[in-house]
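First comes the structure, then the notes that go with it.
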Amino acid sequence: MRRGIAATALVASLALTATACGGDGAEGGKSASGKLSGTVTWWDTSTVGSEDKVFKKLAEGFTALHPDVKVNYVNVPFGEAQNKFKNAAQSGSGAPDVIRSEVAWTPEFADLGYLAPLDGTPALTSDEDFLPQAAASTEYDGKTYAVPQVIDSMGIFYNKRVFQEAGVRPPASIAELKSVAKKIKDKTGKTGLYLRGDDAYWFLSFLYGEGGNLVDVEKKQITVDNPAGVKAMEVVEDLVDSGAAKTDATDGWNNMQTAFKDGKVAMMINGPWAVTDTYAGKEFADRSNLGIVPVPAGSGGQGAPQGGHNLAVYAGSENLDASYAFVEYMTSAESQATVAEDLSLLPTRSSVYDEPSVSGNEMVAFFKPVVDKAVERPWIPEGGSLFAPLLTEYTKVLTGQTTPQKGAEAVGEAYRKLLKDWK
Amino acid sequence: MAVHTSGQSAAEAAEPGRARGRRRDSAGAPGRFRRGLSTHWYAWTMVAPVVIVIGVIIGYPLVRGVYLSLTDADERNVERSIGVNHLPATYEFVGLGNYADALTGSQFLGTLGWTLVWTVSCVAVTFGLGLALANILHRRIAGRSFYRMMLILPWAVPGFVSVFAWRFLYNEDNGLLNKILAGGGIDAVPWLNDPLWAKFSVIAVNVWLGVPFMMVALLGGLQSIPGELYEAAEMDGANAWQRFRSITMPGLRSVSTTVVLLSTIWTFNMFPVIFLLTRGGPGEATQILVTQAYKFSFEISPRDFAQSSTWGVLILVLLMVFAAVYQRVLRKQGETW
């Protein structure tokens, strides 16, 4: 009997705390004098061990401007952040105030109602300064739901020393990539290219290179299974089968970085987010050993995906005012300049590129024109949903479980289920 | 002590009471029920918290899962409340449509096929190895308790820790297994990158994790077989194999039926091994029913709660059918289970 009472009491007290939590919104926010207070929790998704230190320091610098606000920096691994945020946002407990949202996630989160619109809030200041392609991913249904933090694209990272040893020059096309890889293998015994097989994002530059795309937003068409899509699948399959590239179905990021940093592979396709981590490798103690060229051109020309990250505010945040101010601070020209200098990540404000410290950065100087030419991804709520079906078939093609034709068709079929009224 | 006895009487009271109540509904059950309540009210009160807790933590999710499987609920139409925004649920009842889709599509049946291969091979190998080890450790050999302890170790380590350790071992370029093979001049094996090897690898890890349980349970069974039987058989001139066939196997019967049933259910739903080792990959080569159901509900977007629940209910039904058939077969063979 006593246990029953205890249980009832427990349930009752839990219910009480729950309501207390829900009802208490006055803890943080703005006091009468306009001073910000409370805590801002930020979920960062940057690479642990290299980028996270800089971002943590930068985020905590917000306290210097607003002494009453405490910044709670949390690094969530990039691969888990999308799901973790969805879980927390839907249940309404444990969600951060500010999330670093990948560009494709932003319209999806906004569509689900998880993000606070930022138009007219302090989060968006001097927004005409943002690069138009960076700002495109922050808009959904006529409103702005995020502020662009960094922008990126991809290129071939190569080990200059190995290239010299093999007497080859960086490849400009898929055919050159194959012949270069073969020469490297013959002369040095190393593998030419590491191609990530556990993340379909690495497939995009081959797809764009053949002139294909996942979907055509304007025509509302699914294009992944057209001849260009099939051709792209054939290209990656051939790269792996011919031994020009090696791949893994699990742990791709770590294996790629380890292999490249230790000089076991001569090339990898990667973006600015990998630069700081790569510099930490023993092959790149001398930073000038790292070379970078645009992704290899396919039969349809050259094309790398445009990516990047935005900062978005959770609609259920109990401290919206401080969160807006935090987003503004993190995306300000000064903050972006710091990030560009320390981490070689590309600013989203055009004015930052004029700073000598930024324009003098070799990686930024390389990636800026690449980003300008990069292929824009579909900024639709389903944008983040397109990768799961693609990844399954992409890995199947690379591991020989299906043919490029069947793989591309299966992806198209999955997309047609996802985008119901599309062709 | 007092609590213990009353708990027992509660269980006794609850079971026959329910069975009788059902059977004799027409023959004045209410009086009996009322009398039972007045005599055993204390017992009923004692079990009430347990019943309520089980109802909340098992009953509610179960009912909710079955309900969701009959709707088209996904991430975009379920009820959400985010801060001041409140979005009501807009999903609709679709009847058995999800079940029809699952059972007629190739995905469920394909995944079920591999799940069965996985379960049968895991249970068979685990049982075989467990039986062999139990027999070895049942003998008086030097350092017996040390071996027993070492063999229980996989069980003592938290499952996810061992699975992560295995994942490092399996790494194609930097893993210990391939380094050892390279020392012997053997080419690197794509443990988790080739569909067939990945299947082998996940089964191997699950066997490694499952053997201690089998071994301990069967060792217990072995120790309960009276030694006189073996002595008598030896006197009669039975050889080792005959003793094993005619004494050990029948003696282990009750233990082994139970552990095989448990092991089958656990393996069928062995989420952590598959999820942490391969995430169902490469492609979908090692995806079993539970990991695929998880994928529907948490990895794809929009999250498909309806399909995930449908698969969940189908898994439950499959396991219940299996348990029922298994029980019936055993009963036919004269086992009381």
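Residue numbers (UniProt numbering), protein chains in the order written: chain Y, 1 to 423; chain E, 1 to 337. Positions of the beta carbon are idealized from the N, C-alpha and C atoms, including for glycine.
Environment of residue i [buried if 16+ CB atoms lie within 10 Å]
i, result
"Y:W43", "buried"
"E:H40", "buried"
"E:W241", "exposed"
"Y:G49", "exposed"
"residue 452 of chain Y", "Given that chain Y is displayed from residue 1 to residue 423, the structure contains no residue 452 of chain Y and the question cannot be resolved."
"E:S106", "exposed"
"E:Q307", "buried"
"residue 339 of chain E", "Because residue 339 of chain E is not part of the residues shown, which for chain E are 1 to 337, the question remains open."
"E:F168", "exposed"
"E:Y42", "exposed"
"Y:G412", "buried"
"Y:S153", "buried"
"Y:K178", "buried"
"Y:N213", "buried"
"Y:K86", "buried"
"Y:Q164", "exposed"
"Y:K187", "exposed"
"Y:F55", "buried"
"E:E234", "exposed"
"E:F33", "exposed"
"Y:Y415", "buried"
"Y:M233", "buried"
Residue i versus the options, residue with shortest Cα-Cα distance
i, options, result
"E:F305", "E:S69, E:V51, E:R34, E:S38", "E:S69"
"Y:A172", "Y:K423, Y:D421, Y:Q302", "Y:Q302"
"E:G210", "E:T267, E:V117, E:F168", "E:T267"
"Y:A374", "Y:S205, Y:D127, Y:Q164", "Y:S205"
"E:M214", "E:V259, E:V47, E:R148, E:E299", "E:V259"
"Y:F130", "Y:E51, Y:Q149, Y:L112, Y:K183", "Y:Q149"
"E:E231", "E:G221, E:I247, E:G220", "E:I247"
"residue 425 of chain Y", "Y:K70, Y:Y279, Y:G298", "Within the shown structure, residues of chain Y are numbered from 1 to 423, placing residue 425 of chain Y beyond reach of any answer."
"Y:F284", "Y:G400, Y:V98, Y:Y158", "Y:Y158"
"Y:K282", "Y:K264, Y:G271, Y:M268", "Y:K264"
"Y:A134", "Y:I151, Y:D127, Y:T121", "Y:I151"
"Y:A388", "Y:E60, Y:N83, Y:V54, Y:G38", "Y:N83"
"Y:V103", "Y:H309, Y:T41, Y:P272", "Y:H309"
"E:N77", "E:R303, E:V325, E:T126, E:L314", "E:R303"
"E:E75", "E:L222, E:V255, E:A323, E:E299", "E:E299"
"Y:A200", "Y:S357, Y:P381, Y:P305", "Y:P305"
"E:G221", "E:V66, E:V321, E:G175, E:R253", "E:R253"
"E:G251", "E:R279, E:L219, E:G237", "E:L219"
"residue 340 of chain E", "E:G31, E:V50, E:A102", "Given a span of 1 to 337 for chain E in the structure shown, any question on residue 340 of chain E remains unanswerable."
"E:S301", "Y:W379, Y:N72, Y:F109", "Y:F109"
Beta-bridge partners of residue i, as assigned by DSSP
i, result
"Y:R349", "Y:F130"
"Y:M268", "Y:F157, Y:Y194"
"Y:E69", "Contrary to the premise, residue 69 of chain Y reads as Val rather than Glu in this sequence. DSSP lists Y:G38 as partners of Y:V69."
"Y:T144", "Y:E139"
"E:W241", "Note: E:W241 sits in no beta bridge, so no partner."
"Y:D216", "Y:Q221"
"Y:G307", "Y:D152"
"Y:P294", "Y:G155"
"Y:I99", "Y:W43, Y:A312"
"E:R80", "E:L87"
"E:L109", "None, per the DSSP bridge assignment."
The segment 195–212 of chain Y / the segment 251–258 of chain Y touching (three or more Cβ pairs under 8 Å): yes
Contacting positions in the segment 187–206 of chain E - beta carbon closer than 9 Å to chain Y: P190, L192, N193, D194, P195, A198
Stretch pair the segment 153–171 of chain Y + the segment 283–297 of chain Y: three plus CB contacts closer than 8 Å: yes
Three-pair Cβ contact test at 8 Å for the segment 144–151 of chain Y versus the segment 105–124 of chain Y: yes
Inter-stretch contact at 8 Å, needing at least 3 Cβ pairs: the segment 136–149 of chain E / the segment 290–302 of chain E: Because the criterion of three Cβ pairs below 8 Å is not met, the segment 136–149 of chain E and the segment 290–302 of chain E do not touch.
Within 9 Å of chain E by C-beta, residues of the segment 388–404 of chain Y in sequence order: A388, P389, L391, T392, E393, Y394, T395, K396, V397, L398, T399, G400, Q401, T402
Interface residues of the segment 163–179 of chain E facing chain Y [CB-CB below 8 Å]: Near chain Y, meaning a CB-to-CB distance below 8 Å, the residues of the segment 163–179 of chain E are R167, N171, E172, D173, N174.
Where the segment 107–134 of chain Y meets chain E: residues whose CB sits under 7 Å from a CB there: E108, L112, G113, Y114
Chain Y contacts made by the segment 281–314 of chain E, where a contact means CB separation under 7 Å: G281, P282, G283, E284, A285, F298, E299, I300, S301, P302
Residues from the segment 408–422 of chain Y in contact with chain E, defined by Cβ distance under 7 Å: Result list empty, no residue passes.
Within 9 Å of chain Y by C-beta, residues of the segment 67–82 of chain E in sequence order: The segment 67–82 of chain E vs chain Y, Cβ under 9 Å: E75, R76, V78, R80, S81, I82.
Residues in the segment 108–140 of chain E having any Cβ partner in chain Y nearer than 8 Å: none
Segment contact flag, the segment 81–94 of chain E with the segment 166–182 of chain E, C-beta cutoff 8 Å, min 3 pairs: no
Near-chain E residues of the segment 254–273 of chain Y (beta-carbon distance less than 8 Å), N- to C-terminal order: N255, T258, A259, K264
Against chain Y: residues of the segment 253–277 of chain E by CB proximity under 7 Å: none
Members of the segment 307–329 of chain Y that neighbour chain E once the beta carbon cut-off is set at 9 Å: Going along the segment 307–329 of chain Y in chain order, one finds Y314, A315, G316, S317, E318, L320 with a Cβ nearer than 9 Å to chain E.
Under 9 Å (Cβ pairs) to chain E, residues found in the segment 142–167 of chain Y: Per Cβ criterion, the list is empty.
At least three beta-carbon pairs within less than 8 Å, the segment 329–345 of chain Y to the segment 264–278 of chain Y: yes
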